[in-house]
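Taking full-length UniProt numbering, I'd label the letters of the sequence shown as residues 202 to 844.
Every residue gets a Cβ at the ideal spot worked out from N, C-alpha and C, and that includes glycine.
The structure presented is a predicted model; accordingly, all values stated were derived computationally and were not measured.
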Amino acid sequence: TALSKVKDVDIKGGWKVGEPIPYAALTKTFSMIEATTKRLEKTAILTSFLLLVIQRSSKKDSTALLQAVYLCINRLSPDHIGIELGIGESLLIKAISESTGRSLAMIKADLKKEGDLGLVAMNSKNSQKTLFKPKPLTVAFVFSNLREIASSSGHSSQAKKVSIITKLLAACQDFEAKYIVRSLEGKLRIGNAERSVLVALAHAAVLAEHEKAGKRWSTEKLATKLEEGANNMKSVYSELPSYDEVIPALLKHGINGIREHCKLTPGVPLKPMLAKPTKAIGEVLDRFEGKRFTCEYKYDGERAQVHKLPDGSVSVFSRNSEDMSKKYPDLVEQLPKCIRESTKSFVLDAEAVAFDRSTNKLMPFQELSKRKRKDVKVEDIQVRVCLFAFDLLYLNGEPLLQKTLNERRELLRDHFTVVPGEFDFAKSSDGETVDEIQSFLEESVKDGCEGLMVKMLESDASYYEPSRRSVNWLKLKKDYLAGVGDSLDLVVVGGYHGKGKRTNVYGAFLLACYDDNSEEYQTICKIGTGFSEEMLQSHYDVLNPLERETMRGDVKPGGAKPDVWFEPQVVWEVLTADLSLSPIYTAAQGLIDERGISLRFPRFIRIRDDKGADDATGPEQISEMYERQALAAGSSKKKKGGD
Ligand code: ATP
């Protein structure tokens, strides 16, 4: 059981009830988590730490637990509020130099050797002779300073940031500098996925109750409670992904009370449900045969989760929980017209699509990507958007996630009205045969869509599953039928200098997928053909400021050796006709083979600025694609009578 793994975390410096949490206690926990590769053990160590925090917290004051949890996932606020870290390398090098008195050149040389600025900061600090022991840092102090750094903007903000970081570093002891610097860089790199933090938090809450009950539960009962607690926490968080709401409720009502007090709430976006790719209509029928399902147009726009609060305010969130209301002021303005009077509050799942009002035709996604991401003025908008709603997740005070899609769709149609060119329901057909699906697919492509989304309509299989890539939603794109396969979203981690006419830009790029279990970027291919001069220039303009002195420690390069490395931030959608095993690249290494998987003949499609580097395609999806391709090759050989 998880319990047997829970160890007493030996917390340096001790820490008594009523005292603030020493930052040293947290960084000691981090270093223990980093030292083991075993997932259960990582969770158990974090559980021990969070248990101590819970036991030292009162029901009414959740600040300490909240700050500790935020530092564990390296965030400073819920995603939709978007106070983010990610300080550039040169600023950090400057602060390390100022606080330790070492020259920039020495720090850069160490960084080249170590590949981890956190480690360099720690070693620089620890080799420094200090006369006075600084006052110990607390979690509260570090958290509020990180928040100040993240929220400062404007022209004098660089100097202010360096000064706060220098002050923090000056007070660091032991491991502290390593983790502060990594936090500032935006990645803790202790191999602790956010899911494990949720589990550890739930386990800690259960163990706190167990201790309160005099530790009288049997081992079996405790094991059941731990499992139930973790499931409960994961499901609550997927509906209300905000620790600002969940943690106060956890302390106040206990692990069993959170379900009742934490429900989907307009204003807090949930992570959208995602679909699995399918290669052929037959595959759809294999999955859905005998069940009721619907095919909807798969619009080529941007996912938009639209929230209306009871006070009348409307917000639009991206698939990444980013507030896009300032990108789509036209949507916010248009929306009231399509809302029936009885509709006071809601959460809609929809696609915002560029729409040509003179021809009444859908336009491709590229039109939307030309928009600025912020401060768009309605009067300046050339290409308007039409919202195509395909799901209703909340209505008038009630979450609908656990209603069938059929029921949700009826409520959607009853509570909203079509306004041509501004708001419509996703076009759908509840077909059942291959022929019906085929003709609807062709129609969708003719109308400017990417293909179809096929969704289960009835039973619990049609409930809305936040953040899951579910088999109950299948995507059928026209490209798949042409044998091209699904596209991948990959992070640009390196660049190669151009040759000849292209010496002032990068001529090719190194791409990587992201493994959220190990928190590392795994290289997958070099891409360099098919870019126009103009595109190369604009990629250069975006990527050049992200250049680093060295490769980041959380990139697994394999044999790839680009001329320059980048901060992993930019995500590109890429198509490939072929995946192959490769001794050079590291994507999905160990899943199919000792070798990694790489893309042959990759083709750039578009920039995905609605996705963060952490949302890039993962190694499991890549190995699934590889297996699918092998399967398809096998069956076509069979058809041709080959061996
Ligand atoms: P991922 O590759 O992570 O699944 P993606 O953003 O690249 O996500 P796809 O997988 O290609 O997109 O397809 C799912 C997306 O299709 C949704 O996120 C949504 O933006 C869009 N979409 C368009 N029409 C629909 C629809 N009727 N139902 C659901 N999603 C739709």
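In the DSSP assignment, what are the bridge partners of residue i?
i    : result
T724 : A713
M657 : F494
H698 : Y707
S799 : S781
D690 : E774
T237 : Looking at the DSSP assignment, T237 forms no beta bridge with any residue, so it has no partner.
P223 : T339
G652 : K499, K678
A551 : A505, A590
K757 : Q723
D524 : F518
R749 : W766
F617 : I540
Residue i by DSSP, collapsed to three states: which one?
i           : result
T264        : helix
I540        : strand
H356        : coil
C587        : strand
S630        : strand
H508        : strand
Y595        : strand
L532        : helix
R257        : coil
L286        : coil
S668        : coil
L475        : strand
D815        : helix
F641        : helix
E299        : helix
K562        : strand
L677        : strand
residue 845 : Nothing in the structure corresponds to residue 845, since the chain is present only between 202 and 844.
F231        : helix
K840        : Confidence in K840 is poor, its pLDDT being 40 and thus under 50, which makes the residue's placement too unreliable to answer from.
S733        : coil
I294        : helix
A414        : coil
F556        : strand
L465        : coil
F333        : coil
R809        : coil
E821        : helix
I582        : coil
E623        : coil
R804        : strand
F489        : helix
F344        : helix
F250        : helix
Tell me, to the nearest whole angstrom, how far the beta carbon of residue i is from that of residue j; I am working on the premise that it is less than 8 Å.
i    : j    : result
F591 : E497 : 6 Å
V533 : S522 : With 8 Å as the limit, V533 and S522 do not qualify as a contact, their Cβ atoms being about 17 Å apart.
A551 : A505 : 5 Å
G652 : L677 : 5 Å
T724 : T787 : 5 Å
K656 : T495 : 5 Å
Y715 : A814 : 6 Å
For ligand 3, I want to know if residue i counts as a neighbour, meaning its beta carbon is within less than 7 Å of at least one of the ligand's heavy atoms.
i    : result
R669 : Summarising the ligand content, the structure contains ligand 1 and does not contain ligand 3.
Near residue i, which residues of its chain fall below 7 Å by C-beta distance, leaving aside the five closest residues on each side in sequence?
i    : result
I806 : S688, E774, V775, L776
Y438 : L399, V447
P449 : S263
L832 : none
T751 : L312, K313, G316, W766
K390 : Reading the sequence as shown, one finds Arg at residue 390 and not Lys. Same-chain partners within the cutoff: R383, E720, G754, D755.
L451 : A406, I459
For residue i, which residues of its own chain have a beta-carbon under 6 Å away from its beta-carbon, when the five flanking residues on both sides are left out?
i    : result
K575 : K527
F624 : C539, L588
V765 : G696, E748
E299 : T367
E659 : R493, T605, N607
V756 : V694, Y722
H698 : D764
P784 : R796
G843 : Residue confidence for G843 is low, a pLDDT of 37 falling below 50, so the modelled location carries little weight and cannot support an answer.
R257 : V218
C273 : V398
Return the chain-ordered list of same chain residues with a C-beta closer than 8 Å to the C-beta of residue i, the five sequence neighbours on each side being excluded.
i    : result
I793 : L782, S824, Y827, E828
H411 : W418, L423, K426
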